[in-house]
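Remarks on the structure that follows.
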Amino acid sequence: MEPKYHALRFIAGLYFILGALVLIIGSLAAFSTAAFSPPAFAYGMTANGGTSSINLLVGGVMEVGVLVVGIALIGVSQLVQLLLRLAEETRTTNENQIEQLRLMRMLVNQGGQR
């Protein structure tokens, strides 16, 4: 691998770790909120007995947003890794083709000298 790609690979690894942490912490926060808060509050009930569906809606949208951010970070890291692999394969393929052309030219030149 070329040295200029090391920094990109490192940054992609950081994005992957950050995305995984966001997913883990976000999921744990959602599960702990659902498990440890009183069931009435978990379903949007207020202290005076009324319901507050906006609390439930905001909590749900925020959790979905956290999960989307985590998945997006992991997706970006995987896309960068894929592009780096593609660049490396393309470079290797081009080097192999250049070497094959050089060998063919050498064989043609040797055949013409006889």
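Each number in the numbering used here comes from the position in the sequence shown (counting from 1) with 44 added on. Every residue, glycine too, gets a C-beta built ideally from N, C-alpha and C.
Ser121 is classed as buried because its beta carbon has at least 16 other beta carbons within 10 Å across all chains shown.
Around the beta carbon of Ala51, fewer than 16 other beta carbons sit within 10 angstroms, so the residue counts as exposed.
Within the same chain, and ignoring the five residues on either side of Ile118 in sequence, the residues whose Cβ sits closer than 7 Å to its Cβ are Phe60, Gly63 and Ala64.
Distance from the CA of Val66 to the CA of Val110, rounded to the nearest whole angstrom, comes to 7 Å.
Looking from the CA of Gly70, the closest CA among Ile55, Val105 and Arg53 belongs to Val105. Counting only residues of its own chain and dropping the five nearest sequence neighbours on each side, Gln125 has a CB closer than 6 Å to the CB of Ala56.
Taken atom to atom, the span from the alpha-carbon of Gln144 to that of Glu107 is near 55 Å. Here Gly114 is buried. Its C-beta has 16 or more other C-beta atoms within 10 Å.
Nearest to Val112 by C-alpha distance, out of Phe54, Ile68 and Arg149, is Ile68. For Glu139, there are no CB contacts under 7 Å within the same chain when 5 residues up- and downstream are skipped. Out of Arg149, Met150, Ser76 and Thr137, the CA that lies nearest to the CA of Gly103 is found in Ser76.
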